[in-house]
Structure formats: C-alpha cells, structure tokens
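Final position of the sequence shown in the UniProt record's numbering is 708; the numbers increase by one with none missing. Note that the Cβ used here is the ideal one computed from N, Cα and C, for glycine as well. As the structure is a computational prediction, the values presented were derived from the model and not from experiment.
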Amino acid sequence: MAERSTGATQGAAGRAPTADRPDMVRNVVLVGHSGSGKTTLVEALLAETGVIQRPGRVEDGTTVSDYDEVEVRQKRSVNLAVAPTVFNGIKINLLDTPGYADFIGDLRAGLRAADAALFVISAADGVDGLTKMLWEECALVGMPRAVVISKIDHQRADFDGTLAQCRDGFGEGIAPVYLPVDGTGLLSLVSRRFIDYSGGTRTERDPDPGQLDLIERYRGDLIEQIIQESEDESLMDRYLAGEEIDDESLITDLEKAVARGSFYPVLAAAPGVGMQEILELITKGFPSPLEHPLPEITTIDGRPVEGLTADPEGPLVAEVVKTTSDPYVGRISLVRVFSGTLRPDMTVHVSGHGLADRGHEDHDVDERIGTLSSPLGKTQRTIGKCVAGDICAIAKLSRAETGDTLSAKDRPLLMAPWQMPEPLLPVAIEPRSKADEDKLGQALSRLVAEDPTLRLEHNAETHQLVLWCMGEAHSDVLLDRLSRRYGVQVDRTEVRVPLRETFAGKAQGMGRNVKQTGGHGQYAICHIEVEPLPAGSGFEFIDKIVGGVIPRQFIPSVEKGIRAQMERGVLAGYPMVDIQVTLYDGKSHPVDSSDMAFQIAGQLALKDAASKTQVILLEPVDEVSVLIPDEYVGAIMSDLSARRGRVLGTEPVGTGRTVVRAEVPQLEITRYAVDLRSLSQGTGTFTRSFLRYEPLPAHLAAKVTQAA
Numbered sequence: 001m002a003e004r005s006t007g008a009t010q011g012a013a014g015r016a017p018t019a020d021r022p023d024m025v026r027n028v029v030l031v032g033h034s035g036s037g038k039t040t041l042v043e044a045l046l047a048e049t050g051v052i053q054r055p056g057r058v059e060d061g062t063t064v065s066d067y068d069e070v071e072v073r074q075k076r077s078v079n080l081a082v083a084p085t086v087f088n089g090i091k092i093n094l095l096d097t098p099g100y101a102d103f104i105g106d107l108r109a110g111l112r113a114a115d116a117a118l119f120v121i122s123a124a125d126g127v128d129g130l131t132k133m134l135w136e137e138c139a140l141v142g143m144p145r146a147v148v149i150s151k152i153d154h155q156r157a158d159f160d161g162t163l164a165q166c167r168d169g170f171g172e173g174i175a176p177v178y179l180p181v182d183g184t185g186l187l188s189l190v191s192r193r194f195i196d197y198s199g200g201t202r203t204e205r206d207p208d209p210g211q212l213d214l215i216e217r218y219r220g221d222l223i224e225q226i227i228q229e230s231e232d233e234s235l236m237d238r239y240l241a242g243e244e245i246d247d248e249s250l251i252t253d254l255e256k257a258v259a260r261g262s263f264y265p266v267l268a269a270a271p272g273v274g275m276q277e278i279l280e281l282i283t284k285g286f287p288s289p290l291e292h293p294l295p296e297i298t299t300i301d302g303r304p305v306e307g308l309t310a311d312p313e314g315p316l317v318a319e320v321v322k323t324t325s326d327p328y329v330g331r332i333s334l335v336r337v338f339s340g341t342l343r344p345d346m347t348v349h350v351s352g353h354g355l356a357d358r359g360h361e362d363h364d365v366d367e368r369i370g371t372l373s374s375p376l377g378k379t380q381r382t383i384g385k386c387v388a389g390d391i392c393a394i395a396k397l398s399r400a401e402t403g404d405t406l407s408a409k410d411r412p413l414l415m416a417p418w419q420m421p422e423p424l425l426p427v428a429i430e431p432r433s434k435a436d437e438d439k440l441g442q443a444l445s446r447l448v449a450e451d452p453t454l455r456l457e458h459n460a461e462t463h464q465l466v467l468w469c470m471g472e473a474h475s476d477v478l479l480d481r482l483s484r485r486y487g488v489q490v491d492r493t494e495v496r497v498p499l500r501e502t503f504a505g506k507a508q509g510m511g512r513n514v515k516q517t518g519g520h521g522q523y524a525i526c527h528i529e530v531e532p533l534p535a536g537s538g539f540e541f542i543d544k545i546v547g548g549v550i551p552r553q554f555i556p557s558v559e560k561g562i563r564a565q566m567e568r569g570v571l572a573g574y575p576m577v578d579i580q581v582t583l584y585d586g587k588s589h590p591v592d593s594s595d596m597a598f599q600i601a602g603q604l605a606l607k608d609a610a611s612k613t614q615v616i617l618l619e620p621v622d623e624v625s626v627l628i629p630d631e632y633v634g635a636i637m638s639d640l641s642a643r644r645g646r647v648l649g650t651e652p653v654g655t656g657r658t659v660v661r662a663e664v665p666q667l668e669i670t671r672y673a674v675d676l677r678s679l680s681q682g683t684g685t686f687t688r689s690f691l692r693y694e695p696l697p698a699h700l701a702a703k704v705t706q707a708a
C-alpha cells in the first residue's frame, strides 16, 4: 500500500506502517514493574490493529520484544523495544520498556523517545516503589500520562484497591474513565454505556440498573475533574447550576487536559478487553510530536539553537536512543527523529558527548547511513523515510552510540544528553583462556557502545578489569551476552578495594647494596629516617647529606628507589602514602657506585625501616548519600552503622522522601547497590564519592596481610 499524505498507513504483510506528517504520529512509552503486563498489552494492541495475527507472537514465533537472545531464554524484557502500528490513520510507536530497576537506562531512553507515557499497573499486584519514582520523573518534565490497570480478569484482581494505590502514589489528577465488569466488560463513565467483550467481539449496550448506579457513583468526581481542567470557565458554573454537560464537550476537554499533562485518566484492560479504548486515548488524547517541546539543542561548540520544531522540512536533528548488536546484521541503531527527515543513503554528522569515565569517546564524524527500517521483534521492515517525530532503525552505523546526535553534515548539531544513572555495582572479571583474552577487548567495546549505563574500568592499582553495573540482573545479562553473543568466556573474581600503607611511628633504616665480583660491581649505602605525616600529605623527601658522603648526582637515585618501593608497598603490596623520608648519611665508591645501585639501596632502606616499626593499612572511606522513602530511614541508618559507617544526618527531600548522609568504608559497600534495593523494596538510590583514607581496624588488617 502506498503512503498517503493524509496520515499514516498500515503496511501490508511484511511492510511497515509509515507516516508522512508529525501530527499523524504518537510515541508512547509503556512503564511499569516487571510482570505488570506491558509486553502482553503491546501484543494485544498489535493484534487489535492487525499487525500480528494473535496476541503474543509475530511471524517468526517470537514476541514483539524478543530481539535479544537473553529475552528469549529468560522470558523477560531487558531492552527497550519499539512496536509500530496504525489506528484511525495515526501511526503509533509503542515503546516497551524493562520493568527491572537494573535496566532503568533503557527505560529512560524510552522516556526520551516518547511524547507520552502509559503506566501499566497490575490489578493483582498494585503499585511498586520504582513505578512511583518514574511517575515523579515524568512529572518533572511535564510528560502527559495515563494509567492502564491490567489483568482485571486475574483471580486476585482488585481494581478499586489498585486505583486507591494509584491515587495515593501518583497524587492529584487521577480518575477512572472506565470501570471493569467481571473482567470481560467495561462501563464508560462519560457515555454511560456498557462495553461487552464477553462474546469475543466488542459490543455496546445500555447498562443494567445496578451498573448504572455504579457509573453514577464514580461519574460525578470524573466530571468535576474534567471541568476543573477545562479552558471554558463557564462550564463549572453551568455544571453547579444543574445543567447536563454534553458528552462531546466532556470528551474534548478530557483529551485536551490529557495532552497538557494535567489530567491522568485510568483505564482497565485484560487480553481482548479494552484495547480499542486505549487506542482511542492514545490517538485522541496523547500529544503529537508537534505538541511536545524538543530537548535543548546546540551547535557543536555549545551555542544554543532556538526555534526548531518537529518540522519534516527543518534542519535534521535525530538521536540514537538505543544501540544493539546482531551477530548477523551487525550494529543496529534505534533513532528518534526530532526535526527534519531521514532518508536512505544520506550522509549525516554523528556528534557525541562522550562519557570518558564509562569508556565512551567523543564523536565528531560524518557517516553514511544505509537502509532505514521499522523494527518488530527480530524483523526489520524497510521504509522509505522517517519524518520528524517518527522512530526508525538504522543498520551499520559503525561510529554512532546510544545518546549520539545525527544531524546534517553541513550543519552539525548536538542534543543535550538525558540523565543517565550511575552504575554502582562493581563486577571484576578475568578471561578464562588466552583465546578469550584476545577477543575480550572488542566484545567489551561493543557492549559499552550498546549500554551507556555500563562503565568499564581497568584499575591500575588492583590490576583488575571491572564492569560497573546497575545490579545483579544487569551484570548477569552482560556476562551472558559476552558468552553467547561474542563467544568470550570470563570468570568473576572478588573485587579488590585499593588500600594504602603507612608508617605508624618514626623509624630508621639502612640500605646496603654492596656487590663486588672482581669486575664492575655495585656499591651504595644510605641511611634514612622515616616518620608519618598527617593524612593526605603524600610524600616528602628531605636531603640532609653533608660532606659529600653520597655524591649529589646519586641523591635523586635514592629518592627514586624509595618512591618505587612505596608503590609496591612493604606489608601487603599496597602503595605507601603520607610519610616523610630524611636521607642523612651514606657511603659511595668512586667506581662501583651508580644510579641503579643507589635506587636499590633506597628500596632496601625503606624496607629496613618498616621492619623496625608498625606499618598500618589504610582503607578508603566514601561519602554516601542515600535517598529513600521515609518509612525506610530507620532500617537504612541501622544498616549503615552495621557497615562501620558514621551517619552524619538526614534531610527531608520533597514529600515523603529523605536523604541519609554517612561516611562508609569502601570495603563495606561493594555490593550496596544490591543490598539497598532489598532493604528499600527497590525504592532507594544512592551516590558515593571518595572522601579520605582511614586506618583499617586491626582484625581486618590482619586478614588482609595474611592473604597477601
């Protein structure tokens, strides 16, 4: 079927739906906890619009989000997935997001690419803490939202209880527009009609008397909320005077309030129930890309660019919101076009902010794009163009990574990055064999390009390769991909915390390096005095040589040898810090003394001094800020204290949330990302930053020394 300029068209078998104008596109992200039914809802909507034959399967037998081998095996969503369809001439891009906190990076990518959010809440499980947090994120950016209470046919379904949780967790503006009946029907509060799905098709009729009473019990509150949001100020006076407000006016005002993000309708759904009602809300109530402001856009050198809109004829500005790697196709970039139009075989400029600490480099290159496609499961369906406001996939963009901007090569632009969560769970790995070691670097670079929430660290002190992840599930998925997608086998090892060594008291030491074998030998003797310095002072070297007992050219050699030994440590192999070394005496030989001889003598002198006093281990201490709901404050403070932490205080943040600040040794918070999630039911977040080094308790120091 050819494209029409009047709207969007649903492709025939094997072809993708297309749109010519931004006002004929709706980008909707589905948000909710794992198991709430997001993917099931997406599949039911695709079946309703004829994209797939039956809910749950596409042509190749996988689900709409099963383009990742992990999802196929584990039967859970761990990636952002896009499923396009058409309803009443409007193209709808449904963005299915993971429901696990570990994959919040993909979820935020979905929020970036969308213009409205559909929160999916299970009638059997209710609202969880993560969903409340995401509601607040959407509120901060003014994103329009609606709620679908799913699984109304479940034996444990409690629509009224779930609705109450939504009102309690999401605040004002929440109101149902449909009520479920026995999991097979809906009562429309606006039209006062009963929508019956029990026969397998959608039919409407007048409600029974008991159902009419139920409608009237909820309808008054709904109408009052709609009228309060109405732009017609006379509407409230007419309503209070007893005038019956016509359904068309109510629906129009409801749709406008939803698009503004000031009213949040609640719908109900089950497999085969409520799909048309959801599609009508998306197409009539949710805003088009033309109504959603663009993110901040600048030139490459940082000058702001004003006045850009979702205009297909405007300057090209698109963003890579997701990157995946396919063993057969290669790298696939999921792209949201914000301005202009993408066409096959264009040359675009790739601009990237870079995240050097996470292994992402800055990008500033031109690259030619190939075929444009529309993804559905593993299927990539070719399309002829992608206009402003729409979403497409591009294969083999070799330099573009998640978060990069695509623009015209003669007018390169840069979009402000979206907020990326900090990975706080370290996982140390090492290749299992030499063959795995050879392949590991390239495999990790591909993982980093796909996932901006992953941070790769080559720790120079502990000599470990560390993957900083969002949580256990995130790390499991990454290692699974290394193994199955890239054929690289790795083993987890215990994460080593970089300790330090220092002197506990003053001591003297002698370094004697005398080796005379008949030929050119070695001769260097030095005497030093070592004393500790205050924490953070570093290293001081004092030269008190008089009379030339050590020639001037060899005094720096002694210092160099001491510094080298400090790097290696003298007790457990950790670097030594915060000491003052005074060189006060020594001997030399006119022939056998050399730079290397005195370097070795300096090393021996430091070790000798260490043997005559106590050397203590220092551990790094972090400043930790934990943001949690008020009900978990006591448990978090107790847990931090049990980790040898010092709680500095608490501070309320907003409504019902508190920040707990503490100083905690790094040894105690290696797995805090996992433990905090358990303690706070997934609602807590934390940040950490290095503060200082402090002496490690004697019993722990003894274990470290023994292990070394």
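To which residues of the same chain is residue i closer than 8 Å at the C-beta, ignoring the five residues directly before and after it?
i, result
"Ala601", "Gly511, Arg512, Asn513, Ala524, Ile525, Cys526, Val558, Gly561 and Gly586"
"Leu499", "Ala572, Tyr574, Leu617, Leu618, Glu619, Pro620, Leu696 and Val704"
With DSSP collapsed to three states, give me the class of residue i.
i, result
"Pro452", "coil"
"Ala701", "helix"
"Glu59", "The pLDDT assigned to Glu59 is 47, lower than 50, so where the model puts this residue is not dependable; a value taken from the coordinates is nonetheless given after this. Glu59 falls in the coil class under three-state DSSP."
"Val427", "strand"
"Gly261", "coil"
"Val72", "Summary for Val72: the model assigns pLDDT 48, below 50, so the residue's position carries little reliability; its value from the coordinates is reported in the next sentence. Correct three-state label for Val72: helix."
"Pro629", "strand"
"Ile52", "coil"
"Leu617", "strand"
"Phe286", "coil"
"Tyr100", "coil"
"Pro498", "coil"
"Ala268", "strand"
"Leu94", "strand"
Hey, how far is the Cα of residue i from the Cα of residue j?
i, j, result
"Ser625", "Val664", "10 Å"
"Glu59", "Lys378", "Only weak support is given to the placement of Glu59: the predicted model assigns it a pLDDT of 47, under 50, and the value that follows is read from those uncertain coordinates. In a straight line, the C-alpha of Glu59 is about 10 Å away from that of Lys378."
"Arg193", "Ser249", "17 Å"
"Gly634", "Val177", "40 Å"
"Leu214", "Gly110", "37 Å"
"Phe119", "Tyr693", "45 Å"
"Arg432", "Arg484", "15 Å"
"Glu501", "Ala460", "17 Å"
"Glu229", "Ile104", "32 Å"
"Pro295", "Glu306", "11 Å"
"Ala83", "His699", "57 Å"
"Gly569", "Glu668", "23 Å"
"Glu3", "Arg21", "With a pLDDT of only 34 at Glu3, under the threshold of 50, the placement of this residue in the model should not be trusted, and no figure is reported."
With residue i as the anchor, note down where its beta strand (DSSP E) starts and where it stops.
i, result
"Ala609", "Run containing Ala609: none in the beta strand (DSSP E); it sits in the alpha helix (DSSP H), Asp595 to Ala610."
"Glu136", "Per DSSP, Glu136 belongs to no beta strand (DSSP E); it is in the alpha helix (DSSP H), Gly129 to Leu140."
"Ser122", "Ala116 to Ser122"
"Phe87", "Ala81 to Phe87"
"Leu376", "Leu372 to Leu376"
"Thr582", "Ile579 to Ser588"
"Met236", "From DSSP, Met236 is part of no beta strand (DSSP E) but of the alpha helix (DSSP H) over Ser234 to Leu240."
Below 6 Å CB to CB, which residues in the same chain sit around residue i once its five sequence neighbours on both sides are set aside?
i, result
"Cys138", "Ala117 and Arg145"
"Val337", "Ala318, Cys386, Ala388 and Asp390"
"His474", "Asp102"
"Ala443", "Leu482, Tyr486 and Val488"
"Arg57", "Any answer about Arg57 is weak, because its pLDDT of 48 lies below 50 and its placement is not dependable; what the coordinates show is given next. Excluding sequence neighbours, Arg57 sits near nothing in its chain."
"Lys38", "Leu30, Gly32, Asp96 and Val120"
Can you tell me the Cβ-Cβ gap for residue i and residue j, rounded? I've got them flagged as a contact below 8 Å.
i, j, result
"Glu367", "Val350", "5 Å"
"Leu80", "Lys322", "5 Å"
"Thr201", "Val273", "Not a contact, Cβ separation roughly 11 Å."
"Val674", "Ile636", "In fact, because the Cβ distance is near 14 Å, the residues do not count as touching under 8 Å."
"Leu30", "Asp96", "5 Å"
"Ser339", "Thr309", "7 Å"
Who are the Cβ neighbours of residue i in its own chain at under 7 Å, not counting the five residues just before and after it?
i, result
"Pro652", "Thr658"
"Gln165", "Gly126 and Val127"
"Thr582", "Ile528, Glu529, Ile542 and Lys544"
"Val329", "Ala395"
Would you give the residue range spanned by the alpha helix (DSSP H) that residue i belongs to?
i, result
"Leu679", "Tyr672 to Leu679"
"Ala163", "Checking the displayed sequence, the identity of residue 163 turns out to be Leu instead of Ala. Phe159 to Phe170 is the span of the alpha helix (DSSP H), which, as asked, contains Leu163."
"Gly210", "Pro209 to Gln228"
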